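Visitor:
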Amino acid sequence: MIFFLIFIGTFLIMECVTWCTHKFVMHGSMWYFHADHHQPKYTNVFERNDIFFVIFAIPSILLFYYGVEGGLNYKFFLGLGIMFYGLCYFMIHDVLIHQRFKWFKNTNNKYLIGLRKAHKVHHKHLGKEHGECFGMLFVPLKYYKI
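So for the sequence shown, our numbering puts the first residue at 2; every next one is plus one.
1) Is it buried or exposed for residue 17, if we count other Cβ within 10 angstroms and need 16 for buried?
2) Assess, as a yes-or-no matter, whether the stretch 84-92 is touched by the stretch 114-122 under the definition of 3 or more beta carbon pairs within less than 8 Å.
3) Can you tell me which of 124, 142, 50 puts its alpha carbon nearest to the alpha carbon of residue 41?
4) So does the stretch 24-37 actually touch the stretch 71-79, counting three or more Cβ pairs closer than 8 Å?
5) I need the straight-line Cα distance from residue 46 to residue 68, nearest angstrom please.
6) Could you round the C-beta distance between residue 97 and residue 105 to whole angstroms and report it? I think they count as a contact, below 8 Å.
7) So residue 101 is in the alpha helix (DSSP H); what residue range does that whole segment cover?
8) Whose C-alpha, out of 12, 103, 73, is nearest the C-alpha of residue 57?
9) Do you know how far the Cα of residue 133 is from the Cα of residue 114?
10) Taking the straight line between their C-alpha atoms, what separation do you get for residue 24 and residue 51?
11) Kindly indicate which residue of 83, 107, 100, 140 has the alpha-carbon position closest to the one of residue 44.
12) Distance, Cα to Cα, residue 73 vs residue 60?
13) If you run the structure through DSSP and keep just helix, strand and coil, what is residue 118?
14) Taking a contact to mean a Cβ-Cβ separation below 8 Å, would you say residue 64 touches residue 93 in this structure?
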(Lines of atoms letter the chains of each structure in order from A; the text may use other names.)
(Lines give C-alpha, C1' and ligand atoms only; values in the text may rest on other atoms or scores of the structure.)
Protein backbone atom coordinates (compact mmCIF):
# COMPACT_ATOMS: atom_id res chain seq x y z
CA MET A 2 0.00 0.00 0.00
CA ILE A 3 2.82 2.43 0.83
CA PHE A 4 4.46 1.77 -2.54
CA PHE A 5 1.18 2.57 -4.32
CA LEU A 6 0.91 5.85 -2.38
CA ILE A 7 4.50 6.70 -3.29
CA PHE A 8 3.71 6.03 -6.95
CA ILE A 9 0.51 8.15 -6.94
CA GLY A 10 2.10 10.92 -4.89
CA THR A 11 5.09 11.10 -7.23
CA PHE A 12 2.78 11.20 -10.26
CA LEU A 13 0.83 14.12 -8.77
CA ILE A 14 3.94 16.00 -7.64
CA MET A 15 5.31 15.73 -11.17
CA GLU A 16 2.60 18.12 -12.35
CA CYS A 17 4.01 20.74 -9.96
CA VAL A 18 7.57 19.95 -11.04
CA THR A 19 6.52 20.22 -14.68
CA TRP A 20 4.72 23.53 -14.13
CA CYS A 21 7.75 25.05 -12.40
CA THR A 22 10.19 23.65 -14.96
CA HIS A 23 8.05 24.88 -17.83
CA LYS A 24 7.60 28.39 -16.40
CA PHE A 25 11.03 29.05 -14.92
CA VAL A 26 13.42 26.84 -16.90
CA MET A 27 11.88 26.28 -20.34
CA HIS A 28 10.65 29.88 -20.51
CA GLY A 29 13.79 31.04 -18.72
CA SER A 30 17.39 29.91 -18.88
CA MET A 31 16.74 27.00 -21.27
CA TRP A 32 14.50 28.91 -23.69
CA TYR A 33 16.94 28.05 -26.51
CA PHE A 34 15.77 24.43 -26.31
CA HIS A 35 12.07 25.27 -25.93
CA ALA A 36 11.78 28.11 -28.48
CA ASP A 37 11.31 25.92 -31.55
CA HIS A 38 8.34 24.30 -29.85
CA HIS A 39 6.52 27.66 -29.88
CA GLN A 40 6.99 28.15 -33.61
CA PRO A 41 3.89 27.41 -35.69
CA LYS A 42 3.96 24.46 -38.06
CA TYR A 43 7.34 23.12 -37.02
CA THR A 44 8.14 20.62 -39.78
CA ASN A 45 11.01 18.51 -38.39
CA VAL A 46 10.39 15.16 -36.74
CA PHE A 47 12.31 16.17 -33.63
CA GLU A 48 12.50 19.51 -31.84
CA ARG A 49 15.26 20.84 -29.60
CA ASN A 50 12.49 20.84 -26.99
CA ASP A 51 12.60 17.02 -26.99
CA ILE A 52 15.74 17.24 -24.84
CA PHE A 53 13.41 17.74 -21.87
CA PHE A 54 12.07 14.19 -22.30
CA VAL A 55 15.64 12.95 -21.88
CA ILE A 56 16.26 15.25 -18.91
CA PHE A 57 13.15 13.93 -17.12
CA ALA A 58 13.91 10.31 -18.08
CA ILE A 59 17.33 10.28 -16.42
CA PRO A 60 16.10 10.46 -12.79
CA SER A 61 13.43 7.88 -13.55
CA ILE A 62 15.99 5.45 -15.01
CA LEU A 63 18.35 5.99 -12.07
CA LEU A 64 15.51 5.45 -9.58
CA PHE A 65 14.55 2.21 -11.34
CA TYR A 66 18.15 1.03 -11.16
CA TYR A 67 18.61 1.86 -7.49
CA GLY A 68 15.06 0.78 -6.71
CA VAL A 69 15.73 -2.86 -7.51
CA GLU A 70 19.25 -3.01 -6.13
CA GLY A 71 19.19 -5.29 -3.12
CA GLY A 72 15.45 -5.91 -3.50
CA LEU A 73 12.50 -3.78 -4.51
CA ASN A 74 12.34 -0.50 -2.58
CA TYR A 75 10.59 2.90 -2.62
CA LYS A 76 12.99 4.36 -5.22
CA PHE A 77 11.54 2.04 -7.85
CA PHE A 78 8.06 3.47 -7.24
CA LEU A 79 9.35 7.04 -7.36
CA GLY A 80 10.81 6.20 -10.79
CA LEU A 81 7.55 4.55 -11.80
CA GLY A 82 5.57 7.68 -10.88
CA ILE A 83 7.91 9.86 -12.95
CA MET A 84 7.74 7.43 -15.87
CA PHE A 85 3.94 7.22 -15.88
CA TYR A 86 3.66 10.99 -15.67
CA GLY A 87 6.04 11.23 -18.65
CA LEU A 88 3.92 8.73 -20.56
CA CYS A 89 0.74 10.72 -19.84
CA TYR A 90 2.52 13.94 -20.76
CA PHE A 91 3.62 12.42 -24.06
CA MET A 92 0.14 11.11 -24.86
CA ILE A 93 -1.55 14.43 -24.00
CA HIS A 94 1.04 16.91 -25.25
CA ASP A 95 2.63 15.27 -28.28
CA VAL A 96 -0.14 12.96 -29.46
CA LEU A 97 -3.43 14.65 -28.56
CA ILE A 98 -2.53 18.36 -28.58
CA HIS A 99 0.25 18.77 -31.13
CA GLN A 100 -0.68 15.73 -33.26
CA ARG A 101 2.96 14.73 -33.75
CA PHE A 102 1.50 11.26 -34.09
CA LYS A 103 -1.94 10.99 -35.69
CA TRP A 104 -3.38 8.48 -33.23
CA PHE A 105 -6.26 10.47 -31.71
CA LYS A 106 -7.50 13.10 -34.12
CA ASN A 107 -10.95 13.78 -32.72
CA THR A 108 -12.33 13.69 -29.21
CA ASN A 109 -15.55 14.78 -27.54
CA ASN A 110 -14.14 14.37 -24.03
CA LYS A 111 -14.59 17.66 -22.11
CA TYR A 112 -11.42 17.14 -20.09
CA LEU A 113 -9.27 16.59 -23.18
CA ILE A 114 -10.90 19.52 -24.99
CA GLY A 115 -10.13 21.71 -21.94
CA LEU A 116 -6.49 20.63 -22.00
CA ARG A 117 -6.27 21.49 -25.71
CA LYS A 118 -7.83 24.93 -25.14
CA ALA A 119 -5.45 25.76 -22.30
CA HIS A 120 -2.45 24.68 -24.32
CA LYS A 121 -3.62 26.74 -27.28
CA VAL A 122 -3.71 29.79 -24.97
CA HIS A 123 -0.17 28.96 -23.87
CA HIS A 124 1.04 28.81 -27.48
CA LYS A 125 -0.53 32.10 -28.54
CA HIS A 126 2.66 33.66 -27.14
CA LEU A 127 5.53 32.90 -29.51
CA GLY A 128 8.16 34.35 -27.19
CA LYS A 129 9.23 33.34 -23.71
CA GLU A 130 7.48 36.25 -22.00
CA HIS A 131 3.79 36.69 -21.13
CA GLY A 132 3.17 32.95 -20.90
CA GLU A 133 0.21 31.35 -19.18
CA CYS A 134 -1.13 27.84 -18.56
CA PHE A 135 2.18 26.11 -17.86
CA GLY A 136 0.63 22.93 -16.46
CA MET A 137 -0.25 19.92 -18.54
CA LEU A 138 -2.69 17.56 -16.84
CA PHE A 139 -4.36 20.06 -14.49
CA VAL A 140 -5.44 23.36 -16.02
CA PRO A 141 -7.82 26.09 -14.79
CA LEU A 142 -11.50 25.12 -14.81
CA LYS A 143 -12.42 27.98 -17.16
CA TYR A 144 -11.03 25.95 -20.08
CA TYR A 145 -13.53 23.16 -19.52
CA LYS A 146 -16.51 25.37 -20.32
CA ILE A 147 -17.93 25.00 -23.79
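Heads up, the beta-carbon is just placed ideally off N, CA and C, and yes, glycines get one too.
Just so we're clear, the structure is a prediction, and the values are computed from it rather than from any experiment.
Guide: Put simply:
1) exposed
2) no
3) 124
4) no
5) 34 Å
6) 5 Å
7) Where residue 101 is concerned, there is no enclosing alpha helix (DSSP H), given that its DSSP letter is neither H nor E.
8) 12
9) 17 Å
10) 16 Å
11) 100
12) 17 Å
13) helix
14) no
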